[in-house]
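Here the structure comes first, spelled out in structure tokens, and everything after it is commentary.
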Amino acid sequence: MEKRLRTFEINVISCENLRRAEKNEVVTIRTDSGTYETRKVDFEGGSYPFWDEKLAVHIPFDVKFITVEVQCKTTSRNRLICSAAIPVSDFCGGSLPENYLHFLSYRLRDPNGSRNGIINLSIRVKPSQQQYRQPCFDTPAGVKGSPGVVIGIPVGNKFG
Numbered sequence: 019m020e021k022r023l024r025t026f027e028i029n030v031i032s033c034e035n036l037r038r039a040e041k042n043e044v045v046t047i048r049t050d051s052g053t054y055e056t057r058k059v060d061f062e063g064g065s066y067p068f069w070d071e072k073l074a075v076h077i078p079f080d081v082k083f084i085t086v087e088v089q090c091k092t093t094s095r096n097r098l099i100c101s102a103a104i105p106v107s108d109f110c111g112g113s114l115p116e117n118y119l120h121f122l123s124y125r126l127r128d129p130n131g132s133r134n135g136i137i138n139l140s141i142r143v144k145p146s147q148q149q150y151r152q153p154c155f156d157t158p159a160g161v162k163g164s165p166g167v168v169i170g171i172p173v174g175n176k177f178g
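If you're matching positions, the sequence shown starts at 19 in the numbering used here and goes up one per residue.
Next up, the structure:
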């Protein structure tokens, strides 16, 4: 059975107060459905790297967390500097509209679990291609072909 996916627009903005900052930093977003990496590399390094890059991330409906990792890009492989597990419930669900833009900041932890800076993101749930809308009926109840729905209008009580 094919998993249903939601598409999120995740803008990786920047980091703050990275203690073990290096040059050539990239951000990787990991989900059950894949790995997404920023194409922009922060070549300057330092404690305040900046990317401001949008990624279209596809996440299955049953995923509870995504992982955001700050990595140092080397010639052979990427080395993990720090990461954060982000609950999907922070930006999906609830009473906010589907296209709402969330600006979020999360504490990053190094591989040993120590605090190592903050990552700043903006996340928007992209509207689904299929719009499930309930049809509106304007035919009065009791008329042939009507769905049988009656709209009530509150009437004040003179006796109460």
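We put the CB at the ideal spot given by N, CA and C, even for glycine.
Discussion item. Which residues does DSSP list as the beta-bridge partners of A74?
Written reply: E27
Worksheet item: Measuring CB to CB, does W69 end up less than 9 Å from I31?
Response: Taking 9 Å as the cut-off, the beta carbon of W69 is found closer than this to the beta carbon of I31.
Discussion item. Please state the DSSP three-state secondary structure of F146.
Written reply: For the sequence presented, residue 146 should be read as Ser rather than Phe. Of the three classes helix, strand and coil, the one that applies to S146 here is coil, per DSSP.
Practice prompt. Decide if the segment 75–82 is in contact with the segment 114–125; the criterion is three or more beta carbon pairs, one per stretch, under 8 Å apart.
Written response: no
Discussion item. Using a 10 Å radius around the Cβ and a threshold of 16 neighbouring Cβ atoms, would you call N26 buried or exposed?
Written reply: Inspection of the sequence shows that residue 26 is occupied by Phe rather than by Asn. Per the 10 Å Cβ criterion, buried.
Fill in: Beta-carbon gap between I28 and L73 smaller than 9 Å
yes
Practice prompt. Work out the CA separation of Q89 and R95 for me, nearest whole Å.
Written response: 10 Å
Item to complete: Could you tell me how far apart the beta carbons of G63 and E34 are, in whole angstroms, since I believe they sit closer than 8 Å?
Response: Not really, about 14 Å apart at Cβ, beyond 8 Å.
Worksheet item: Taking Cβ to Cβ, would you say R142 is nearer than 9 Å to A102?
Response: no
Worksheet item: Rounded C-beta distance between V75 and T49? I'm assuming under 8 Å.
Response: 6 Å
Discussion item. Taking the alpha-carbon of L222 as reference, which of K41, T92, F109, I77 has the nearest alpha-carbon?
Written reply: The structure shown does not extend to residue 222, since the chain is modelled only from 19 to 178, so the question has no answer here.
Worksheet entry | CB of L36 within 9 Å of CB of P67, strictly | yes
Worksheet item: Name the DSSP beta bridge partners of G52, please?
Response: T49
Worksheet item: Taking DSSP as the reference, what is the three-state secondary structure of S140?
Response: Here DSSP, grouped into helix, strand and coil, assigns S140 to strand.
Worksheet item: Within 10 angstroms of its Cβ, does T53 collect 16 or more other Cβ (buried), or is it exposed?
Response: exposed
Item to complete: Work out the CA separation of K58 and V45 for me, nearest whole Å.
Response: 9 Å
Discussion item. For V86, tell me which candidate among K144, P129, S146, K41 has the shortest Cα-Cα distance.
Written reply: That would be P129, whose Cα lies nearest to the Cα of V86.
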